[in-house]
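Visitor: Per numbering that gives the first Met the number 0, the sequence shown runs over residues 0 to 150. First the structure, then my questions, so here it is.
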Amino acid sequence: MTDAYFFICADCVTDPFLSDRIVASGRPGKCMSCSEEGQRCWPLAALAEHVRAAFDVDYCLREGVSPTSIVENLTGLSDAICEEILDRWSDITCLDDADPLDEDTYGSDACQADDDIADNDIDAETVERQWQKIRAGLLAPALPLSVRAVV
């Protein structure tokens, strides 16, 4: 089925703001949630866009909370329809159910530090020595340029 057949009516969306917007600007169609025909509906893509805007402004993901459950709480729609909404958010980067076992250690979304280095293995003196080496390595090549520019 294409997006042309996915509509949600105002009665099925529990959020009052979204429901009122659907009533105000929706067109008659058959709701994919309640299967009622002739209801004021939005295409699922339009609903997904509005839910995404609310999601970005008012919600943040917490460990153990899935985006699907947040969308379900916001809209009152079934899990399957909420998944359809999330599928339309192709650019979202935070759709992670916070399961570190599923994370690719070397993937672009990896968010963990190496286990090889313990916090107590690095002291302030070691960090300062490393910084001085880096600084000297950066300043040494720059010095002849600055001397030539002044002369």
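For each residue, glycine too, the CB sits at the ideal point set by N, CA and C.
#1: What is the DSSP secondary structure of Gly75, reduced to helix, strand or coil?
#2: Report the rounded CA-to-CA distance for Asp86 versus Leu76, giving the unit in angstroms.
#3: Output yes or no for whether 8 Å exceeds the beta carbon distance between Gly37 and Phe6.
#4: By alpha-carbon positions, which one of Phe54, Leu138, Ala139 ends up nearest to Trp88?
#5: If the criterion is Cβ atoms closer than 8 Å, does the pair Cys30 and Cys40 meet it?
#6: Using only alpha-carbon positions, find the residue among Arg134, Gln131, Glu83 that is nearest to Leu43.
#7: Taking only three categories from DSSP, how would you classify Cys81?
#8: Just verifying my parser: in three-state terms, what is the DSSP assignment at Trp130?
#9: Are the beta-carbon atoms of Thr74 and Asp19 separated by less than 8 Å?
#10: Classify Asp95 as helix, strand or coil using the three-state DSSP reduction.
#11: Since Arg26 is in the beta strand (DSSP E), which residue starts that stretch and which ends it?
Guide: Considering the structure as presented:
#1: Of the three classes helix, strand and coil, the one that applies to Gly75 here is coil, per DSSP.
#2: Their backbone Cα atoms lie some 15 Å apart in a straight line.
#3: Cβ distance not < 8 Å, so Gly37 and Phe6 don't count as in contact.
#4: Among Phe54, Leu138, Ala139, the Cα nearest to that of Trp88 belongs to Phe54.
#5: With a cutoff of 8 Å on beta-carbon distance, Cys30 and Cys40 are scored as near each other.
#6: For Leu43, the nearest C-alpha among the options comes from Glu83.
#7: Correct three-state label for Cys81: helix.
#8: Secondary structure at Trp130: helix, using DSSP grouped into helix, strand and coil.
#9: No, they are not a contact pair.
#10: With a pLDDT of 46 at Asp95, under the threshold of 50, the predicted position of this residue should be treated as unreliable, though the coordinate-derived value follows. Residue state, collapsed to three classes: coil.
#11: Segment 26-28, the beta strand (DSSP E) holding Arg26.
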